[in-house]
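Trainee: Let me begin by handing over the structure; questions about it come next.
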Amino acid sequence: MNESFFIIGQQVLVLFIMIFVGFICTKRGFFSEEGIKSITNFILYITIPCVIINSFHREFDFTMVKNLAKAFFAALLVHLLNILLVNLIIHDKDENRERVLKFATIFSNCGYMALPLQEALLGKDGVFLGSVFNVVFNIINWTYGIFLMGGKGTKISIKTAFLNPGVIGVVLGLIFFLTPLKLPHILLSSLQNFASMNTVLPTLVIGFYLAKVSNLTVLKDVKLSLALLLRLVLLPVLAMILLIVFGLRGNLLASIIIAAAAPCAANTVMFAGKFDRDTSLSATLVSVSTLFSIITMPIIIQFCIKYFYL
154 MNESFFIIGQ QVLVLFIMIF VGFICTKRGF FSEEGIKSIT NFILYITIPC VIINSFHREF
214 DFTMVKNLAK AFFAALLVHL LNILLVNLII HDKDENRERV LKFATIFSNC GYMALPLQEA
274 LLGKDGVFLG SVFNVVFNII NWTYGIFLMG GKGTKISIKT AFLNPGVIGV VLGLIFFLTP
334 LKLPHILLSS LQNFASMNTV LPTLVIGFYL AKVSNLTVLK DVKLSLALLL RLVLLPVLAM
394 ILLIVFGLRG NLLASIIIAA AAPCAANTVM FAGKFDRDTS LSATLVSVST LFSIITMPII
454 IQFCIKYFYL
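Structure, rendered in structure tokens:
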């Protein structure tokens, strides 16, 4: 695969044109906080599972089974690297700020932002492998992420960590991939129609958050700028170097790096609100990181594909 920077940039630009529509709609008052929460829940519980199941609805391939296992351990390695480095580097006198900064830097928007891009650049295989990153994200997000945002004494639900839409989608998908069972045409067609919404709906949500950025004076906040630098540049580049050393190449490497290079996870805002942390800071991190990712993601992904794809 020899994708040019122009082609990758073009794919990202298509997404950002759609994000801009969400931005304009928000400025015009079409979307409210409650409306966006409803769309977000629909994406989380319906669209993303349909995307994952659809990517697994294919003939069994032993090579892809091996790649799934590699993708799982690669995603686990990326998250552990993020947790280690973020806890070493990011500190703040204000505990609320520190917890939000750490959470936003560790967890990427590997669902809303990465899956549409993985599908656009790598096709069904990209989503197939990228969905495994989502599984690891969900498990760590609902265990360590809860502990990080909640602090000491926070109850962690193992049930929630494993019984969430992303993990359930992969489990159902694996049933269709590993067995002769397949969905009848009518159900598969309906599922594919819901899956096709995974490009449009997430961009509207991201556009909503971008509309909340009043100006870029927030970059004067040194700790915030450091978190953005880590999330958008340093962590994905270090992850790429580490995975290359371990021998990853091709769609497997590209799909992991697309997820690792994505901006701050959208649920940073949700978790900040849930645990009474700094919601303003969380919304700013999600919005500004998404804005700058239009520059950083094409550069990192192009570098990865051009020099280390084969």
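All you need for the working numbering is the position in the sequence shown, starting with 1, plus 153. All C-beta atoms, glycine included, are put in the ideal place defined by N, C-alpha and C.
1) Using the Cα positions of Ile-201 and Asp-374, report the straight-line distance between them to the nearest angstrom.
2) Let me confirm a value: Thr-193 is counted as buried when at least 16 other C-beta atoms fall within 10 Å, else exposed. Which label applies?
3) To the nearest angstrom, report how far apart Val-366 and Lys-312 are at their CA atoms.
4) How is the alpha helix (DSSP H) around Phe-347 delimited, first residue to last?
5) May I ask you to verify whether the region 392-406 touches the region 432-451, counting CB pairs closer than 8 Å and requiring at least 3?
6) If you count every other CB in all the chains shown that lies within 10 Å of the CB of Asp-247, and 16 or more means buried, which is it?
7) Could you tell me which residues DSSP puts in a beta bridge with Ser-435?
8) Leaving out five residues before and five after Lys-277 in sequence, what residues of the same chain have Cβ atoms less than 6 Å from its Cβ?
9) Which of the three DSSP states, helix, strand or coil, is assigned to Glu-156?
10) What's the C-alpha gap between Glu-212 and Leu-282?
11) For the pair the region 295-308 and the region 167-182, tell me if three or more CB-CB distances fall below 8 Å.
12) Going by DSSP, name the residue or residues bridged to Cys-417.
13) Starting from Ala-227, trace the alpha helix (DSSP H) both ways and give me its first and last residue.
14) Rounded to a whole number of angstroms, what is the C-alpha to C-alpha distance between Phe-256 and Met-302?
Mentor: On the basis of the supplied data:
1) 34 Å
2) Looking at its Cβ environment, which holds 16 or more other Cβ atoms inside 10 Å, Thr-193 is buried.
3) 36 Å
4) 338-348
5) Contact check between the region 392-406 and the region 432-451: fewer than three CB pairs, one atom from each, fall below 8 Å, which does not count as touching.
6) exposed
7) Ser-435 pairs with nothing; no bridge assigned.
8) Ser-208
9) Because the pLDDT of Glu-156 is 47, which lies under 50, any placement of that residue in the model is unreliable, and the question is left without a value.
10) Going from the Cα of Glu-212 to the Cα of Leu-282 covers about 15 Å.
11) no
12) Ser-261
13) 215-242
14) 7 Å
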